[in-house]
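**Student:** Using this note's numbering, the letters of the sequence shown correspond one by one to residues 348 to 529. Note that CB positions come from ideal geometry on N, CA and C, so glycine has one too.
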Amino acid sequence: MKRFLDALFAGTDARAEALVRRTAQRYSRRSFIGKAGLFMAGTALLPVLPFDQGGRAHAAEDEDSGDPNDEMSCDYWRYCAIDGNLCNDCGGTITTCPPGAEPSKVSWVGTCRNPNDGKDYMVSYADCCGRAMCTGKYCVNSERERPGYQMGLHNDINWCMANKSMGYHCTVAVLVGMNEAG
Numbered sequence: 348m349k350r351f352l353d354a355l356f357a358g359t360d361a362r363a364e365a366l367v368r369r370t371a372q373r374y375s376r377r378s379f380i381g382k383a384g385l386f387m388a389g390t391a392l393l394p395v396l397p398f399d400q401g402g403r404a405h406a407a408e409d410e411d412s413g414d415p416n417d418e419m420s421c422d423y424w425r426y427c428a429i430d431g432n433l434c435n436d437c438g439g440t441i442t443t444c445p446p447g448a449e450p451s452k453v454s455w456v457g458t459c460r461n462p463n464d465g466k467d468y469m470v471s472y473a474d475c476c477g478r479a480m481c482t483g484k485y486c487v488n489s490e491r492e493r494p495g496y497q498m499g500l501h502n503d504i505n506w507c508m509a510n511k512s513m514g515y516h517c518t519v520a521v522l523v524g525m526n527e528a529g
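1. Got a sec? Which residues, its chain only, sit under 6 Å from ARG478 by beta carbon, not counting five neighbours each side?
2. State the DSSP-derived secondary structure class of VAL456, mapped to helix, strand or coil.
3. Which of the three DSSP states, helix, strand or coil, is assigned to CYS507?
4. Select from CYS459, VAL456, ASN488, LYS452 the residue whose C-alpha is nearest the C-alpha of CYS476.
5. Taking the beta carbon of THR518 as the centre, do at least 16 other beta carbons fall within 10 Å, making it buried, or is it exposed?
6. Do TYR468 and MET347 have their beta-carbon atoms positioned less than 7 Å apart in this structure?
7. Pull the bridge partners of MET387 from the DSSP assignment, please.
8. First and last residue of the beta strand (DSSP E) that includes LEU433?
9. Consult DSSP for THR518 and reduce its assignment to one of helix, strand or coil.
10. Alpha carbon to alpha carbon, how far is TYR472 from THR390?
11. Since ASP422 and VAL487 should fall inside the 8 Å C-beta cutoff, what is the C-beta to C-beta distance between them, to a whole number of angstroms?
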């Protein structure tokens, strides 16, 4: 059996050696380094490409109760552009982060219609950072959302990137004003 395996691997070694020698004769080290650099630069740019997460939004809609006045429902009117775990289900409130977490230094806004008074309100969404991700209610809504390459108008970003601790925990929704034009 040992002789059979030696013969089998001897053929494999010879084929591998021949392949490596042919490759070394055709390509220079500079060519290899250039192609490897191009590959690494290309993979570094992948996160900034636009992407479609419409399937996630539909999955979140299917499991919700649909009550626009229930603060624990993803269909709560103030959550029209939210993407994340609800802080009021993770130890905080709608407007404050739970103890041990801090609001992100950057955030995104949405304009949400309150069905109770028919007026549009500007809502600022801030991720709470510094603790492990909460396993509470997760909501994805993207009314009037822009594509991913317009960073300030897009909610599928880890907004904790500007904080000292970049760990995402949950998201709050703070009313910042009423849209007088609407």
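**Tutor:** Taking the definition as stated:
1. GLY447, ALA448, HIS516
2. strand
3. helix
4. LYS452
5. THR518 comes out buried.
6. No answer is possible for residue 347: it lies beyond the span of the chain, which begins at 348 and ends at 529.
7. Answer is none; MET387 lacks a bridge partner.
8. LEU433 -> no beta strand (DSSP E), and no H or E assigned at all.
9. strand
10. The straight-line gap separating the alpha-carbon atoms of TYR472 and THR390 is approximately 30 Å.
11. In fact, because the Cβ distance is near 12 Å, the residues do not count as touching under 8 Å.
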